[in-house]
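Visitor:
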Amino acid sequence: MAYLTTEQGQVFVAERGDGQPPLLCIHGAGGNHQHWGFQLKAWSHLTRTLLLDLPGHGRSPDPSRHRIDDYGGVVLAVLAALELEHAVLVGHSMGGAIAQWVAIHAPQRVAGLVLVGTGARLRVMPSLLTGLADDSQATLAQIGTMVYAPQAPAALREAGNQAFYHTDPQIFRTDLLACDAFDVREQLGAINVPTLVICGEQDTTTPPKYSHFLHANLAQSELVLLPEIGHMTQIEAADAVTTAVQTWFTCQYRSG
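As numbered in my numbering, the sequence shown has no gaps in its residue numbers, which increase by one up to the final residue, 406.
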C-alpha cells in the first residue's frame with residue numbers, strides 16, 4: 151500500500167500480485183478502496199490487482215474535483231504514473247460510471263471492463279441529495295440500509311458502511327450529484343472490449359434493468375445476476391463476485 155504521485159495529485163493505492171493485464175478497482179460514491187477488500191487476495195493470485203482511493207475518499211487528499219470526468223482523469227493519471235499501458239477496470243456503482251467514461255474517452259488504456267451494480271445512466275433520489283446537505287447523519291443511515299438486500303447480515307452491513315461514515319458527507323453528496331448527471335447511453339457503442347456485467351437481483355439503487363441495458367448495448371458483454379443480493383454486491387456476495395471475475399478473466403486473458 152502506498153501513496154502514488156500523479157499529475158492529478160497524490161492518490162492512495164493498495165496493490166498486490168503480479169501479471170498482465172492488471173485489475174484496477176474503483177469504488178463507488180462515498181466509498182473507498184476497502185469496498186474491494188474481500189477480492190484483493192484472491193484476485194492477486196490471478197494478476198496484479200490495484201485498489202485506489204478516489205480523491206477525497208479513504209486516504210487520498212481532496213482536490214475538490216468530483217465530476218465523473220475528473221475521476222476518470224485520476225484513473226488515467228494512475229495508469230500513467232504506474233507506467234501501465236492498459237488495465238481491466240473494475241468499477242462498482244459510481245466506479246462503474248468512471249470505468250465507462252475512461253473506456254469511451256481513452257479506449258487504448260482499457261483492456262476490459264467489469265461493471266458491478268452500475269448503469270449507463272445513474273439516477274439519484276432527490277431526497278438523498280437534500281438529506282446529505284440538511285441532515286447528513288440520518289441520510290447516511292438511510293443509505294446504509296437501502297444499499298443492501300433486506301436479508302443481508304447486520305455485521306456485513308456495518309463493515310461495508312464504515313467507508314460511508316468516514317467520508318465527508320458533502321463529498322458523498324457531490325459524488326451523488328456526479329452520478330445523477332452521468333449519462334452515456336448513446337455512447338456505449340464506442341466501447342468494444344470484453345465486459346463482465348454483474349448485478350444483484352435485489353439491487354434497488356441500480357436496478358437489474360440497468361445491467362440488462364448495458365448487456366444489450368455492449369458488444370462483448372456477459373451478464374451475471376446474483377439472486378437475493380442488493381447494491382453492495384462485492385460485499386454481500388463476495389465469493390460469488392470473486393469467482394465470477396476469476397472465471398471471466400481466465401477465459402478472456404489466459405486461455406490459449
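Built from N, CA and C at the ideal position, the CB exists for glycine as well.
For the stretch 333 to 357, which segments carrying the beta strand (DSSP E) assignment without a break, of at least 3 residues, lie completely within its bounds, in sequence order?
Guide: 345 to 350, all fully within the stretch 333 to 357.
Visitor: Would you say ILE348 lies against chain B (beta-carbon separation less than 7 angstroms)?
Guide: Of the protein chains in this structure there is only one, and it is not chain B.
Visitor: With a threshold of 16 other CB atoms inside 10 Å of the CB of SER214, please say whether the residue is buried or exposed.
Guide: Sequence index remark: in the sequence shown, residue 214 carries index 64 (1-based). Classification for SER214: exposed.
Visitor: Output yes or no for whether 7 angstroms exceeds the beta carbon distance between GLN184 and ALA313.
Guide: Reading the sequence shown from its first residue, position 34 is the one you call residue 184. Reading the sequence shown from its first residue, position 163 is the one you call residue 313. Yes, they are a contact pair.
Visitor: Which whole runs of the beta strand (DSSP E) in the stretch 251 to 296 are 3 residues long or more, in chain order?
Guide: If we require 3 residues or more, the beta strand (DSSP E) runs fully inside the stretch 251 to 296 come out as 260 to 266.
Visitor: In chain order, what residues of the same chain lie with their CB nearer than 6 angstroms to the CB of LEU346, ignoring the 5 residues before and after it?
Guide: Residue mapping note: residue 346 aligns to position 196 of the sequence shown, counting from 1. Within the same chain, LEU346 has close Cβ partners VAL264, GLU372, TRP398.
Visitor: Identify whether GLU372 lies in helix, strand or coil by the three-state DSSP scheme.
Guide: Your numbering for residue 372 matches position 222 in the sequence shown. In this structure, GLU372 counts as strand in the three-state DSSP scheme.
Visitor: Can you grab the Cα-Cα spacing for the pair GLY294 / THR392, in whole Å?
Guide: Along the sequence shown, one-based indexing puts residue 294 at 144. Along the sequence shown, one-based indexing puts residue 392 at 242. Rounded to whole angstroms, GLY294 to THR392 spans 23 angstroms at the Cα level.
Visitor: Compare the beta carbon distance of THR289 and LEU279 with 7 angstroms and say whether it is the shorter of the two.
Guide: The sequence position of residue 289 within the sequence shown is 139, counting from 1. The sequence position of residue 279 within the sequence shown is 129, counting from 1. No, they are not a contact pair.
Visitor: Which one of ALA164, PRO344, LYS359 has the shortest CA to CA distance from PRO257?
Guide: Stepping through the sequence shown from its first residue, residue 257 is reached at position 107. The option with the nearest alpha carbon to PRO257 is PRO344.
Visitor: Quick check: what's the CA-CA separation for HIS177 versus MET244?
Guide: Locating residue 177 in the sequence shown gives position 27, where the first residue counts as 1. Locating residue 244 in the sequence shown gives position 94, where the first residue counts as 1. Answer to the nearest angstrom: the Cα atoms are 7 angstroms apart.
Visitor: Thinking just about the alpha-carbon of each residue, which of LEU229, ALA247, GLU165 is nearest to the one in LEU407?
Guide: A query on residue 407 cannot be resolved here, the shown segment of the chain reaching from 151 to 406 and no further.
Visitor: Please state if the CB of LEU229 and the CB of VAL260 are separated by a distance shorter than 7 angstroms.
Guide: As a position in the sequence shown, residue 260 is number 110, starting the count at 1. As a position in the sequence shown, residue 229 is number 79, starting the count at 1. No; because the gap between Cβ atoms is not below 7 angstroms, this pair is not in contact.
Visitor: Which residue marks the beginning of the alpha helix (DSSP H) containing TYR403, and which one marks its end?
Guide: Taking the first residue of the sequence shown as position 1, residue 403 is located at position 253. Unbroken alpha helix (DSSP H) run through TYR403: 388 to 403.
Visitor: With C-beta atoms as the reference, is ALA249 less than 7 angstroms away from GLN158?
Guide: What you label residue 249 is simply residue 99 of the sequence shown in a count that begins at 1. What you label residue 158 is simply residue 8 of the sequence shown in a count that begins at 1. For ALA249 and GLN158, no; Cβs fall outside 7 angstroms.
Visitor: Go through its chain and collect everything with a Cβ distance to MET387's Cβ below 6 angstroms, but skip five positions before and after it.
Guide: Locating residue 387 in the sequence shown gives position 237, where the first residue counts as 1. According to the sequence displayed, residue 387 carries Ala and not Met. So the qualifying residues of the chain are LEU376, ILE379.
Visitor: Would you mind sorting SER410 into buried or exposed? The rule is 16 or more other CB atoms within 10 Å of its CB.
Guide: No statement about residue 410 is possible, as the shown extent of the chain runs from 151 to 406 and does not include it.
Visitor: Taking only runs of the beta strand (DSSP E) that begin and end inside the stretch 181 to 233, which ones reach a length of at least 3 residues, in chain order?
Guide: If we require 3 residues or more, the beta strand (DSSP E) runs fully inside the stretch 181 to 233 come out as 199 to 202.
Visitor: For ASN311, is the classification buried or exposed, using 16 other Cβ atoms within 10 angstroms of its Cβ as the cut-off for buried?
Guide: As a first step, residue 311 is located in the sequence shown; it is residue number 161 there, counting from the start. Buried, because 16 or more other Cβ atoms sit within 10 Å of the Cβ of ASN311.
Visitor: Between which two residues does the alpha helix (DSSP H) harbouring GLU308 extend?
Guide: Within the sequence shown, the letter at position 158 stands for residue 308. Where GLU308 is concerned, the enclosing alpha helix (DSSP H) stretches over 304 to 315.
Visitor: Can you check DSSP and say which residues form a bridge with LEU154?
Guide: Within the sequence shown, residue 154 is the residue found at index 4, counting from 1. Beta-bridge pairing links LEU154 to VAL161.
Visitor: Under the three-state reduction of DSSP, which class applies to GLY116: helix, strand or coil?
Guide: Since the first residue shown for the chain is 151 and the last is 406, residue 116 is missing from the structure and cannot be characterised.
Visitor: So if DSSP puts ARG166 in a beta bridge, which residue, or which two residues, is it bridged to?
Guide: As a first step, residue 166 must be located in the sequence shown, where it is residue number 16. In the DSSP output, where bridge partners are listed per residue, ARG166 has THR199.
Visitor: Kindly indicate the opening and closing residues of the beta strand (DSSP E) around ILE321.
Guide: Taking the sequence shown and counting its residues from 1, the one referred to as residue 321 is at position 171. No beta strand (DSSP E) holds ILE321; the alpha helix (DSSP H) holding it covers 319 to 331.
Visitor: Around the C-beta of ASN182, are 16 or more other C-beta atoms found within 10 angstroms, so that it is buried, or is it exposed?
Guide: Within the sequence shown, the letter at position 32 stands for residue 182. Buried.
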